[in-house]
Structures are given as structure tokens and as C-alpha cells.
Amino acid sequence: MTSQKRKILLVANWKCNPATLPEAQRLFAAIKKTVPRYNNIDVVICPPAVFLSRFSAVGGKLGVQDVFWENTGAYTGAIGSRMARSVGASYAIIGHSERREHMGETNEMVQAKVKAALAAGLRVVLCVGEKSRDGDAAAYAGFVKEEVSVGLRGVTKQSLGNVIIAYEPIWAVGSDEADTPERTLEMALYIRKTIADLYDRTVAQTFPVLYGGSANAGNARAFLRDGGVDGLLVGRASLQAKEFGKIVQIANEF
Ligand code: PGA
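Numbering (full-length UniProt numbering), first residue to last: 1 to 254.
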């Protein structure tokens, strides 16, 4: 541990919430009020894409929760990376477990999306995580390794500078059962080892890994202190301005 302050990234994933624009505007305004600007923290709000342009007018870092692998074309309902970028997104969450589960996204689709997002100039938050910890460690570690390796296929070392990996064990997402910081530390090291094997040790050492899955103000400190991660991907707790504000304050301790 160094005494030097490190840059912490907090990504708020609103998912398919809230239901209307006025509610979303209220939440955004409340978060902006409770989230003062700290130099060592980047806060990225990822609202539903339809609200993005309304928020970019107000300012702050924004992300989109998914992009399609083409920028334009006959793909009804899809959102291209360049579109998201043009309405204010600078980050893209890609490969979230809910999209993998409900929208049938495969590692190959995720890989195509990562490439498209990077080409459009978005920073990518690539989500990975095992379905369960049952069975032997090699099996679930292998699952995560595959998600990382295929997701980053074709990503150059230079572009890797715009990639962040969010380790989100699927059983911990939306569940009230967060991982332990100790096990997150193991997985963060394992992900960096995978990056070292794919690229080199130098990039791996500073490669940003986030933890996500029932992160909240009660466990944020432990994850940031002992989990070997550079920040958090926050779902439910980011829908409550006060709770999220507390997480930001805690992140400022590091
Ligand atoms: P959660 O969601 O914090 O509500 O568990 C996290 C996520 O899905 O990114």
C-alpha cells in the first residue's frame, strides 16, 4: 500500500430505472448535489440511454449501459456507439451479466461491442463474473478468464488504456449478498494476471479493475481498502442519492 492517493472510479448503473424523465432528472440533480467534486474520484452516471442527452446538457461524466456492435444500419432498437457518444456518453458498460442472461449476449457479441465502442472513442467498462462459486476454483476462474480473453480479443495494447474491467460475480448482482473483499482481491489479481498473459506485466499492474454486486455504503470501504480494486460498479445503491453520496465520500478516503 502506498500513501499516495489513487484515482477511484465509481460507476452508477441505473439499469432500467427510473420510469420517467422527471424522476430521472430529480435523481440526477440530487446526485449532483450530494456528489461534490473530488480530484481523485471519477463518478460516471449511466442512466437509460433515452435520458442521456438531457443530462449531458447539465454536465458530469456519463455512460451508456450497452451499445450495439454497428454504428448504424437496419437494427431495430439498437443504439450505436457513435450515437451514444454524440449525446454525451464517454463510457460504455459492455457485457453486463443481465444482458448476457436476458438478451443472450455471448462473449463473441461482447467482443464485437467492445471493439465498436473503443473505435468510437468510448471508455469501456467490460463486465465479467462467474455464475457461482460451486465446484472447483479452476472452473469458475476459467469462466472469468474466458470472458476477459474473448472480450478483449483484437484490442490493442494502446486501446487497452481505455478499458476497465468490472468484476461482478453474478450471484452477487442484485442479491444482497456481496462478495467478500478477500475473494474479490483474489479475483482482481487473477484478472490482472490474465491481462499480463494477454499483454504484459507493466500494463497489468496498473490495469483498473472494479468490483460490482450489491456494493453499498456499508461495504464500500472494505472493498476499496482490501479488495484490490480501483472502484465500484454500483447498481441499486446508485438510485438513492444519499446512499450514493456516502459511497463517494468513502471513496474520498483513499
Ligand atoms: P447491484 O447491481 O449493485 O444492484 O447489485 C450491480 C450491477 O449490476 O452493476
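Ideal placement from N, C-alpha and C gives every residue a C-beta, glycine not left out.
- Assignment of beta-bridge partners to G212 by DSSP yields L233.
- The segment 206 to 215 and the segment 180 to 193 touch, with no fewer than 3 CB-CB distances between them shorter than 8 Å.
- Residues A166, E168 and L233 of the same chain have their beta carbon placed closer than 6 Å to that of G212, with the five preceding and five following residues left out of the count.
- Residue nearest to R201 within the set E186, K157, P36 and D176 is K157 (criterion: CA-CA distance).
- Distance from the CA atom of G228 to the CA atom of A19, rounded to whole angstroms, is 35 Å.
- When only Cα atoms are considered, G121 and V114 end up about 11 Å apart.
- Here V35 carries a coil assignment [DSSP, helix/strand/coil].
- Beta-bridge annotation (DSSP): K61 is paired with V44.
- Within a 10 Å sphere around the beta-carbon of L21 sit fewer than 16 other beta-carbons, which makes this residue exposed.
- Taking each of E23, I45 and F28 in turn and checking the Cα distance to V11, the smallest one comes out for I45.
- In the structure shown, A78 adopts coil according to DSSP, grouped into three states.
- Cβ-Cβ distances below 8 Å link E108 to V150 in the same chain, with the five nearest sequence neighbours on each side left out; the list follows chain order.
- If you draw a 10 Å sphere on the C-beta of M187, you find 16 or more other C-beta atoms in it, and that means buried.
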